[in-house]
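Here the sequence shown is numbered in the working numbering, starting from 30 and rising by one per residue. Just so you know, even glycine gets a beta-carbon here, dropped at the ideal spot from N, CA and C. The block underneath contains the structure these notes are about, expressed in structure tokens.
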Amino acid sequence: MNDSTPVPSPQIISPQLIVLEALQIAHASTGAAQYREVYEQLRHRAGQRHASGEGSGSQPSAPTPMTQPSAAQADTSTSSATAGPARMRVICATRKDREEFFSTAPLGRSLTLNRPPGVEVRLFPRNSEGLPALYNRAISESIQDDVIFVFVHDDIHLCDFHWASRIAGGLGAFDVLGLAGNRRRVPGQPGWLFLDERLTRDSRENLSGVIAHGSGFAPDSIDAFGPAGQEVKLLDGVLLAVTSATLRATSLRFDERFDFHFYDLDFCRQAERAGLKMGTWPVSVVHESAGNFASAGWRLSYETYLDKWQE
Numbered sequence: 030m031n032d033s034t035p036v037p038s039p040q041i042i043s044p045q046l047i048v049l050e051a052l053q054i055a056h057a058s059t060g061a062a063q064y065r066e067v068y069e070q071l072r073h074r075a076g077q078r079h080a081s082g083e084g085s086g087s088q089p090s091a092p093t094p095m096t097q098p099s100a101a102q103a104d105t106s107t108s109s110a111t112a113g114p115a116r117m118r119v120i121c122a123t124r125k126d127r128e129e130f131f132s133t134a135p136l137g138r139s140l141t142l143n144r145p146p147g148v149e150v151r152l153f154p155r156n157s158e159g160l161p162a163l164y165n166r167a168i169s170e171s172i173q174d175d176v177i178f179v180f181v182h183d184d185i186h187l188c189d190f191h192w193a194s195r196i197a198g199g200l201g202a203f204d205v206l207g208l209a210g211n212r213r214r215v216p217g218q219p220g221w222l223f224l225d226e227r228l229t230r231d232s233r234e235n236l237s238g239v240i241a242h243g244s245g246f247a248p249d250s251i252d253a254f255g256p257a258g259q260e261v262k263l264l265d266g267v268l269l270a271v272t273s274a275t276l277r278a279t280s281l282r283f284d285e286r287f288d289f290h291f292y293d294l295d296f297c298r299q300a301e302r303a304g305l306k307m308g309t310w311p312v313s314v315v316h317e318s319a320g321n322f323a324s325a326g327w328r329l330s331y332e333t334y335l336d337k338w339q340e
């Protein structure tokens with residue numbers, strides 16, 4: 030899907046242009062007429078002020094009329110292409126069916142409202158398989174393409190208007206990107222945040238990134254683990270991003286002996302062994318789950334993880 034919707038001039042970042050840009054994204058993603066109507070009203074007023082020279086100093090260009098999206102643009106399940114060096118493919122598994130995912134799941138609703146051009150969605154609906162198997166399947170489907178893979182859980186609200194460009198920018202600094210992680214790794218570690226089986230939290234000086242928790246925005250809490258943009262040894266699997274080029278060069282894949290727990294820690298250890306640079310990046314999200322530590326499934330995966338890495 031090629032999105033020809035024009036974007037307001039970036040010469041001046043004003044609240045008005047930000048609102049217009051958000052309306053364009055919403056209209057391109059959903060095709061809803063109300064977004065187009067409000068956009069045209071605001072654009073007309075902005076054009077009048079621009080023509081009359083209202084205000085002082087340099088003025089941004091008058092916003093361009095919004096084009097009507099095609100049926101493919103309005104369909105949130107349709108792929109899109111960018112003029113940039115890589116497309117972005119969001120890979121997600123959900124227990125919901127496709128329609129329910131896009132209408133009720135936090136990630137699906139976020140993508141319906143704000144799915145920038147060039148962002149594709151590889152959804153595994155009604156899923157009961159382990160995430161590593163599905164993630165590897167998605168990799169195999171696109172490994173020869175120039176793609177940014179974003180592996181993300183379905184209970185994430187994307188609260189950042191510019192989430193896609195931020196992830197792409199972060200991959201200019203790191204080979205593997207996440208939202209939160211630990212700058213060090215210790216033997217027997219049961220999670221990027223914890224040091225031991227008692228779930229003793231590591232000190233802030235070793236942690237990096239920010240993740241909010243709750244059922245939407247505003248969140249119930251914001252966990253500011255430490256400054257983002259730091260190189261780390263371990264990343265939280267709630268969101269992981271990596272390019273297909275990196276995966277081709279290293280043959281890095283998810284270990285399918287893990288179901289849901291510990292696949293992220295294992296992936297990071299494989300990435301470290303392959304000489305890849307991992308880091309966190311500032312992208313605003315709200316996660317609806319706080320984790321399920323010490324369950325029977327978690328315990329079994331932990332034993333598998335310790336056995337694999339001989340710890």
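Alpha carbon to alpha carbon, how far is GLY210 from LYS306? Give it in angstroms, no decimals. 13 Å
By how many angstroms is the C-alpha of THR279 removed from the C-alpha of GLY341? It is not possible to answer for residue 341, since the shown part of the chain is limited to 30 through 340.
Opposite ASN211 in the DSSP bridges: which residues? Note: ASN211 sits in a beta bridge opposite LEU236 and LEU263.
Taking all protein chains shown into account, decide if ALA325 is buried (16 or more other Cβ within 10 angstroms of its Cβ) or exposed. exposed
For a test of the three-state rule: what should DSSP assign to THR272, helix, strand or coil? strand
Residues in its own chain within less than 7 Å of PHE130 by CB, not counting five upstream and five downstream? THR123, GLY137, LEU152, PRO154 and ASP183
For TRP338, which of GLY207, CYS297, ILE172 and HIS316 has the nearest alpha-carbon? CYS297
If you draw a straight line from the alpha carbon of GLY294 to that of ALA241, how long is it in whole angstroms? A small fix is needed here, since residue 294 is Leu in this sequence, not Gly. One C-alpha to the other measures close to 21 Å.
Where GLU149 sits in the DSSP three-state scheme: strand
When DSSP builds the beta bridges, which residues end up paired with PHE131? Per DSSP, PHE131 has no beta bridge partner at all.
Can you tell me whether DSSP reads ASP252 as helix, strand or coil? strand
Is the beta carbon of SER330 sitting closer than 9 Å to the one on VAL239? Not a contact, by the Cβ cut-off of 9 Å.
Please say whether ASN143 and TRP192 have beta carbons closer to each other than 9 Å? TRP192 is a Cβ neighbour of ASN143, given a cutoff of 9 Å.
Along the chain, where does the beta strand (DSSP E) containing ILE177 start, and where does it finish? 176–181
Grouping DSSP H, G and I as helix and E and B as strand, with all else coil, what is ILE172? coil
Residue burial classification, PRO246 (beta-carbon count within 10 angstroms, cutoff 16): The displayed chain sequence assigns Phe, not Pro, to residue 246. In this structure PHE246 is exposed. Its beta-carbon is surrounded by fewer than 16 other beta-carbon atoms within 10 angstroms.
Is the distance from the Cβ of ALA257 to the Cβ of TRP310 below 9 Å? yes
Nearest to SER250 by alpha carbon, out of ALA167, GLY159, HIS316 and GLY220? HIS316
Can you pull the DSSP bridge partners for PHE223? ARG230
Buried or exposed: which applies to THR229, given that a residue is buried once 16 or more other Cβ atoms fall within 10 Å of its Cβ? With fewer than 16 other Cβ atoms inside 10 Å of its own Cβ, THR229 counts as exposed.
Contact under 9 Å by Cβ, TYR292 with GLY159: yes
Is the CB-CB distance between ILE168 and ARG302 below 9 Å? In this structure, the beta-carbon distance from ILE168 to ARG302 does not fall below 9 Å.
How is THR309 classed by DSSP in three states: helix, strand or coil? strand
Opening and closing residue of the beta strand (DSSP E) in which ARG286 lies: It is not in any beta strand (DSSP E) - ARG286 carries neither H nor E in the DSSP assignment.
Taking the alpha-carbon positions, what's the MET117 to VAL205 distance? 14 Å
Taking SER157 as the reference, which of PHE289, ILE177, GLY198 and VAL271 has the closest Cα? Nearest Cα to SER157 within the set PHE289, ILE177, GLY198 and VAL271: PHE289.
Report the rounded CA-to-CA distance for LEU335 versus GLY266, giving the unit in angstroms. Near 18 Å, if we compare the C-alpha coordinates of GLY266 and LEU335.
Residue nearest to PHE178 in terms of C-alpha spacing, selected from THR141, GLY199, PHE190 and GLU260: GLY199
Over the uninterrupted beta strand (DSSP E) stretch that includes LEU418, give me the two end residues. Residue coverage of the chain in this structure runs from 30 to 340, which leaves residue 418 outside it and unanswerable.
Using the Cβ count rule (16 or more neighbours within 10 Å means buried), how would you classify ARG277? By the neighbour-count rule (16 or more Cβ atoms within 10 Å), ARG277 is not buried but exposed.
From which residue to which residue does the beta strand (DSSP E) around ARG144 run? Premise fails: ARG144 is in no beta strand (DSSP E) and is neither H nor E.
Reduced DSSP category for ARG138 - H, G, I as helix; E, B as strand; rest coil: helix
Give the DSSP-derived three-state secondary structure of ARG166 in the structure shown. helix
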